[in-house]
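A.B. asks: Let me give you the structure first, and then I'll get to my questions.
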Amino acid sequence: TQLLEQSPQFLSIQEGENLTVYCNSSSVFSSLQWYRQEPGEGPVLLVTVVTGGEVKKLKRLTFQFGDARKDSSLHITAAQPGDTGLYLCAGARGSGSRLTFGEGTQLTVNP
Amino acid sequence: GAVVSQHPSWVICKSGTSVKIECRSLDFQATTMFWYRQFPKQSLMLMATSNEGSKATYEQGVEKDKFLINHASLTLSTLTVTSAHPEDSSFYICSATGTSGSGEQYFGPGTRLTVT
Numbered sequence: 001t002q003l004l005e006q007s008p009q010f011l012s013i014q015e016g017e018n019l020t021v022y023c024n025s026s027s028v029f030s031s032l033q034w035y036r037q038e039p040g041e042g043p044v045l046l047v048t049v050v051t052g053g054e055v056k057k058l059k060r061l062t063f064q065f066g067d068a069r070k071d072s073s074l075h076i077t078a079a080q081p082g083d084t085g086l087y088l089c090a091g092a093r094g095s096g097s098r099l100t101f102g103e104g105t106q107l108t109v110n111p
Numbered sequence: 112g113a114v115v116s117q118h119p120s121w122v123i124c125k126s127g128t129s130v131k132i133e134c135r136s137l138d139f140q141a142t143t144m145f146w147y148r149q150f151p152k153q154s155l156m157l158m159a160t161s162n163e164g165s166k167a168t169y170e171q172g173v174e175k176d177k178f179l180i181n182h183a184s185l186t187l188s189t190l191t192v193t194s195a196h197p198e199d200s201s202f203y204i205c206s207a208t209g210t211s212g213s214g215e216q217y218f219g220p221g222t223r224l225t226v227t
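Encoded structure:
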């Protein structure tokens, strides 16, 4: 079973703080995606990482793919209330294959 | 690009009736579409994988006769919840893969089903 453990599950912080979300697995993925979902809506793709050790930045969000392509992290700098949402990591093993989702991290940024 | 739509966005039906949910890829051809179910504040649970022109592959524990999936074209897949019961009430989301080869899935906005 391809498990993807995501932590923490819940995170409530104050505006301006930094945070990191982790996704870990014992399996290798060909790519890993990070999604953000708001209540009543579908997940929106934030980034895809493909290469081991890859680091991608999206404004205040930094995504890293582990060297062995088994784990990934999402770091948010100076969080804002607009960052509130459910963050999901998902690993893929090839194009068109099913995604293995982490349990999700419910982030609340308080003003 | 890579827009996926779902219809309806929400539906209320009576117990025992059937409900059809449509998933469309608007600006790309999707050879594979996926159907998920999601409970409040939880992650997505894959129900089935749908390939155009072939039978859907259902995940363990998902009743294929209750959740009928049809993928008749490269831009449309449908999920029919047959003989719906209150426990089928949930948020159903579809996704589709493009042709980038990276495994990215693009999600629809979801359909909120309430069975009374």
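Here the protein sequences line up with chains U and V, keeping their order.
In terms of the working numbering, the first sequence has 60 at position 60, counting the first letter as 1, and numbering is strictly consecutive.
Here the working numbering runs 111 ahead of the position in the second sequence, where the first position is 1.
Beta carbons: idealized from backbone N, C-alpha and C, even for Gly.
All values derive from a computational prediction rather than experimental measurement.
1) Determine whether the Cβ of Ser154 (chain V) lies closer than 8 Å to any Cβ atom of chain U.
2) Indicate whether at least one CB of chain U lies closer than 8 Å to the CB of Leu137 (chain V).
3) For Thr20 (chain U), I'd like the list of residues in its chain whose CB is within less than 6 Å of its CB, leaving aside the five on either flank, ordered along the chain.
4) Return yes when the Cβ of Gly104 (chain U) is within less than 8 Å of the Cβ of Ser154 (chain V), no when it is not.
5) On the three-state DSSP scale, how would you describe Glu198 (chain V)?
6) Counting only C-beta atoms, is Glu215 (chain V) closer than 8 Å to chain U at any point?
7) Below 8 Å on the Cβ atoms is my guess for Lys131 (chain V) versus Thr168 (chain V); work out the distance and round it to an integer in Å.
8) Of all the CB atoms in chain U, is at least one closer than 8 Å to the CB of Arg223 (chain V)?
9) Closest to Thr77 (chain U) by C-alpha separation, out of U:Asp71, U:Ser25, U:Phe63, would be which residue?
10) Thinking just about the alpha-carbon of each residue, which of U:Arg98, U:Val28, U:Glu38, U:Asp67 is nearest to the one in Gln106 (chain U)?
11) Does DSSP put Gly82 (chain U) in a helix, in a strand, or in coil?
C.D. replies: On the basis of the data shown:
1) yes
2) no
3) Excluding residues within five positions, the ones whose Cβ falls inside 6 Å are Ser73, His75.
4) Closer than 8 Å, so yes.
5) Helix, per DSSP.
6) yes
7) Rounded, the Cβ-Cβ distance is 20 Å, inconsistent with contact.
8) Yes, Arg223 (chain V) counts as interfacial toward chain U.
9) Closest by alpha carbon: U:Phe63.
10) U:Glu38
11) Residue state, collapsed to three classes: helix.
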